[in-house]
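Novice: In terms of my numbering, the sequence shown opens at residue 201 and continues consecutively.
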Amino acid sequence: MKNVEVNRIIMKINPIEKFQALYQTARAESTLQQKGAICISTLDSDGFPDSRFVDLKEVTAEGFIFCTDYESNKGKSISQNNKIGLTVWWEHIETQIRIKGKVSKVNTEQSQQYWLSRSRSAQLTTWASNQSQPLSHSVSLTNNLAKYSKEFETVEVPKPPMWGGYLIRPIHFEFLTFRQDRMHIREVISLIGDQWHKSFLQP
Ligand SMILES: Cc1cc2nc3c(=O)[nH]c(=O)nc-3n(C[C@H](O)[C@H](O)[C@H](O)COP(=O)(O)O)c2cc1C
């Protein structure tokens with residue numbers, strides 16, 4: 201009977217809330233400049249995993265939001281395959297988190313809010329650069345930057361149509377607590393149907 205009760209309590213665990221709690225601690229105790237850096241992995245058109253860091257803009261009850269250029273390499277990969285991986289390693293709290301999920305664009309109004317939270321210089325760089333395109337001799341980022349700085353000199357920099365947010369809706373988490381003796385604790389929380397199920401893996 202006791203085990204049944206314990207299991208019921210475990211089922212109530214919400215892994216997004218667990219992530220949020222760890223993230224808050226990690227941010228509060230971090231000495232890094234880029235406290236929200238997360239690694240996201242997509243599959244490219246040749247089937248190779250492709251990973252890079254982005255800034256975690258927000259954690260909501262639905263999942264994890266980052267912003268980017270929809271026409272970048274990652275944007276193209278996502279349009280072909282919406283399965284995505286998210287990984288963090290927060291050394292100072294000895295925690296690795298691995299997430300699998302499905303990703304989709306947030307709406308334009310939401311993207312607009314994230315756009316407004318960016319610095320003016322970051323906004324202008326977004327206009328000046330076609331993210332992931334080759335940097336050839338015919339492209340001058342300095343000229344592009346000067347062009348857009350002038351164009352938007354007296355107004356707020358508008359959000360370019362190809363820039364916006366993505367929401368990662370998670371289906372699988374692994375929380376690893378690092379141990380010096382390598383006896384790491386690996387807690388897996390997976391979505392089966394509409395229920396989160398918890399188990400442990402050997403280190
Ligand atoms: C700490 C850090 C944070 C970054 N944040 C973002 C971000 O929020 N959005 C973004 O598009 N690129 C960000 N970048 C750059 C990406 O890592 C990557 O170079 C860029 O998005 C192009 O990737 P792609 O060619 O795979 O699309 C960041 C890089 C670092 C190191």
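Note that CB positions come from ideal geometry on N, CA and C, so glycine has one too.
Computed from a predicted structure; not experimentally measured.
1. Could you compute how far the alpha carbon of Ala346 sits from the alpha carbon of His337?
2. Find the nearest neighbour of Leu256 within the set Pro370, Gln224, Thr326 and Phe266, judged by alpha-carbon distance.
3. Is the closest heavy atom of ligand 1 to the C-beta of Asn330 under 7 Å?
4. Could you tell me whether any non-hydrogen atom of ligand 1 is closer than 7 Å to the CB of Ser272?
5. Does Ala237 come out as helix, strand or coil in the three-state DSSP assignment?
6. Quick one: what's Tyr366 bridged to in DSSP?
7. On a CA-only basis, which of Thr242, Ser304, Glu262 and Gly263 is nearest Phe253? Give me that one, please.
8. Using three-state DSSP, classify Ser390 as helix, strand or coil.
9. Per DSSP, Gln395 forms a beta bridge with which residues?
10. Within 7 Å: the Cβ of Thr225 and any heavy atom of ligand 1?
11. Touch check for the stretch 365-374 and the stretch 209-226: three-plus C-beta pairs under 8 Å?
12. Can you grab the Cα-Cα spacing for the pair Lys276 / Gln224, in whole Å?
Specialist: This is what the structure gives:
1. 17 Å
2. Phe266
3. no
4. yes
5. strand
6. Phe266 and Lys305
7. Thr242
8. strand
9. Ile392
10. no
11. yes
12. 31 Å
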